[in-house]
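Residue numbers (the numbering used here): 497 to 674. Quick reminder that beta carbons are idealized off the backbone N, C-alpha and C, glycines included.
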């Protein structure tokens, strides 16, 4: 059995964490909001407009986009089903596959010359409720905010004085209730 040795976790972010980073960190945060007795995960974010309400710990949620044409996956499945039903001798199902194929446009036309991309898998959080929308429809502000921006007198290659940011993050972590 695996155990999490951390009871408090503070994720330091400039608000640019996205996709897989969001899926990991936001899931940990939402779990801790639902179960504060087990772990406390919070975001400490810096940069932005200077207002806590305007910045989130992450930029965009995880998920998977369909990077091909809008219905290319549907054509793969239709072809697979057609072949499978043909091998099985199920003519009545082949007719249904043909009807769906007849109703589906082969190459959708878009004036831009590029097909739109749609999210195929979305992230939902149980702690937001049974009827919650996917995470991408919510603005979840950071838990704690540092008014820090690049300090060009004392910067790292990342453009921030990380030593100062880490000191402030440590002070904030110590303030978090156990």
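Residue 641 sits buried, since 16 or more C-beta atoms from the chains shown fall within 10 Å of its C-beta.
Beta-bridge pairing by DSSP links residue 514 to 556. For residue 516, the number of other beta carbons within 10 angstroms of its own is below 16, and it is reported as exposed.
When DSSP states are grouped into helix, strand and coil, residue 507 belongs to the strand group. Rounded to the nearest angstrom, the gap between the Cα atoms of residue 669 and residue 523 is 19 Å. Around the beta-carbon of residue 625, fewer than 16 other beta-carbon atoms lie within 10 Å, marking it exposed.
Judged by pairs of C-beta atoms under 8 Å, the region 574-584 does not touch the region 543-560, as fewer than three such pairs exist.
Put simply, the backbone Cα of residue 510 is about 21 Å away from that of residue 633. Between the alpha carbons of residue 636 and residue 544 lies a gap of roughly 15 Å.
Residue 598 has its alpha-carbon roughly 18 Å from the corresponding atom of residue 582. Judged by DSSP secondary structure, residue 599 falls within the alpha helix (DSSP H) whose first and last residues are 587-599.
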